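Residue numbers (our numbering), protein chains in the order written: chain A, 1 to 218; chain B, 1 to 218. Okay, so here's the structure we're looking at.
Number of protein chains: 2
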Amino acid sequence: MVAQQDPEPAAVGLAGRKPPKGTLNVARWNEILEAAGEVFNEKGYQAARIEDIAARVGILKGSLYYYIETKEDLLFALSDQAHSSGVESIAEGPELDGADAPTRLGAFVRRWTVVLEANPPYATVAEREVGRLSGERYEHVMAKRNQLHGFVRSLIEQGIAEGAFDPSIDPGVATNALFELMNGMRHWFRPDGRRSPQEIGEFYRSFVLRGLAAPTAV
Amino acid sequence: MVAQQDPEPAAVGLAGRKPPKGTLNVARWNEILEAAGEVFNEKGYQAARIEDIAARVGILKGSLYYYIETKEDLLFALSDQAHSSGVESIAEGPELDGADAPTRLGAFVRRWTVVLEANPPYATVAEREVGRLSGERYEHVMAKRNQLHGFVRSLIEQGIAEGAFDPSIDPGVATNALFELMNGMRHWFRPDGRRSPQEIGEFYRSFVLRGLAAPTAV
């Protein structure tokens, strides 16, 4: 229960939960998280056993308990990590200062495609199983998700205010739809497929901007 | 292993697998499938136990084995059912005879919203866990999914040929994106939310048709 007392992500980059002791082996912790993500992805979170994760890292179950207290600690760390990398993608470069909404949203769609590609295959589990987290941990991760959704929603609202996006659009509905559209790429994209992530990101950018555009006066 | 020998869905409507004996109690079979869907959804497919499903129906585990041989039989029946209702939504009414691609695709998006709303909350498990099905069963369900995707893809190709849709679009990529967009509605839509399924279906229809549209000559 360390993370709730320390809402700042630890400096290790894969945080959400600082491992509990001063003798932390960061490389090992990262290995453990990766193994947990893979096992959760293959077996489902609830069927996954601590033993399976320890075996994949090549350590004893008892050694794993040096890093965690429960399986949920691993889900929390993975979920927090996935959502943190999402929140980082909100940051806009100086070239977007004062840019209009289509430009800003288009740039975000491109950045998001990069996040998706950089995330490991098991990131989908970390996202989908957030509802299994208990109380404060759930709130902690959902606050990041809400921050991310709030950013996209504000861009859609900006676009409506500027007259670029269709004013009949419900910004909340559109935000949900955009994230499903973009995140769904993980379900079918193959790195060895006939289209590069850049090409797919470009299709998404164009599809989203056209889809939201205000109907031109006929 | 009955279903592989009998690729025709049984007439009970919730089929994919004819229960093995002549004394079938159809109502009970439907109850079992519903309980299985709920338990899979709550616990994850791999963590779900036959005992949990039997208990939810209020029968003994041994009685459940009258209907199935393995837990996978239940996943197969549920997946096949979900994909069958998807394939049914391909059927077009006579008013679409000779219609252009935007009209046909728009009508499909509306029909699909109805399918999503009519499907139980656990349909998402039946879709997501298809990869857990073994050999022929996986192929059987994927054939239906491919039929469904092929239909949408053919509409996008028709739209490009007619000049209504952007010719730079990859019809395969666009088809995947559309299904992720539409199916994602299940993850956030609340029947008691501020928007009706019809309103959301209308947003999706408009968003998709504008998103695919050929850029008008400037």
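Beta carbons are placed, not taken as given, at the ideal position from N, Cα and C, and that holds for glycine. None of the values given here were measured: they were computed from a predicted structure.
query: Helix, strand or coil: which one does DSSP assign to A:Ala161?
result: Here A:Ala161 sits in helix by DSSP.
task: Could you check which residue in A:Ala91, A:Gly37, A:Pro167, A:Gly211 has the C-alpha nearest to that of A:Asp80?
output: Out of A:Ala91, A:Gly37, A:Pro167, A:Gly211, A:Gly37 has the C-alpha closest to the C-alpha of A:Asp80.
query: Contact check, B:Ala213 vs A:Arg210 under 8 Å by CB: the rounded distance?
result: The Cβ separation is near 6 Å, so the contact holds.
field: Residues near B:Val125 by beta carbon distance below 7 Å, same chain, minus five either side
entry: The beta carbon of B:Val125 sits closer than 7 Å to the beta carbons of Gly37, Phe40, Asn41, Tyr45 from its chain, once the five residues preceding and following it are set aside; these are given in chain order.
field: Which listed residue (A:Val87, A:Gly86, A:Ala107) has its alpha carbon closest to that of A:Leu219
entry: As displayed, chain A neither begins before 1 nor continues past 218, which places residue 219 of chain A out of reach and without an answer.
field: CA-to-CA distance, B:Glu72 to B:Val87, given in whole angstroms
entry: Going by C-alpha positions, B:Val87 is about 22 Å away from B:Glu72.
field: Cβ contact (3+ pairs, closer than 8 Å) linking the stretch 181 to 192 of chain B and the stretch 109 to 119 of chain B
entry: Touching, yes, given that three or more Cβ pairs across the two stretches are closer than 8 Å.
message: Helix, strand or coil, according to DSSP, for B:Ala99 in the structure here?
response: DSSP places B:Ala99 in coil when its eight states are reduced to three.
- request: Any chance you could list the alpha helix (DSSP H) runs of at least 4 consecutive residues sitting entirely within the stretch 43 to 74 of chain A, in chain order?
  value: Unbroken alpha helix (DSSP H) stretches of 4 residues or longer found wholly inside the stretch 43 to 74 of chain A: 50 to 57, 61 to 64, given in chain order.
Ranges of the alpha helix (DSSP H) found wholly within the stretch 98 to 186 of chain A, counting only runs of at least 4: Entirely contained in the stretch 98 to 186 of chain A, the alpha helix (DSSP H) runs reaching 4 residues are, in chain order, 101 to 118, 123 to 128, 135 to 161, 171 to 183.
- request: State buried or exposed for B:Lys61, treating a residue as buried only when at least 16 other CB atoms are found within 10 Å of its CB.
  value: With fewer than 16 Cβ atoms within 10 Å of its Cβ, B:Lys61 is classed as exposed.
query: At a CB-CB cut-off below 8 Å, which residues of chain B make contact with A:Gly184?
result: What A:Gly184 touches in chain B: Asn176, Ala177, Phe179, Glu180, Leu181, Asn183, Gly184.
- request: Take the Cβ of B:Glu127 as the centre, count every other Cβ of all protein chains shown within 10 Å, and call the residue buried at 16 or more, exposed below.
  value: Answer is buried; the Cβ neighbour count reaches 16.
query: Between A:Ala164 and A:Ala101, which are expected to be in contact by the criterion C-beta below 8 Å, what is the C-beta distance as a whole number of angstroms?
result: A:Ala101 and A:Ala164 do touch by the CB rule: their CB atoms are close to 6 Å apart, below 8 Å.
- request: Following the continuous alpha helix (DSSP H) through B:Gly211, name the residue where it begins and the one where it ends.
  value: Where B:Gly211 is concerned, the enclosing alpha helix (DSSP H) stretches over 197 to 212.
Chain B residues whose Cβ lies nearer than 9 Å to that of A:Ala47: Chain-order list of chain B residues neighbouring A:Ala47: Lys43, Gly44, Tyr45, Gln46, Ala47, Ala48, by C-beta distance under 9 Å.
- prompt: Taking the alpha-carbon positions, what's the A:Gly201 to A:Val57 distance?
  reply: Using only the alpha carbons, I get a separation of about 34 Å.
message: Let me check understanding here. Comparing Cα to Cα, which of A:Ser84, A:Pro197, A:Thr103 lies closest to A:Gly93?
response: By alpha-carbon distance to A:Gly93, the top candidate from A:Ser84, A:Pro197, A:Thr103 is A:Thr103.
message: Under 8 Å, Cβ to Cβ, is there at least one residue of chain B near A:Gly93?
response: So no, A:Gly93 is outside the interface.
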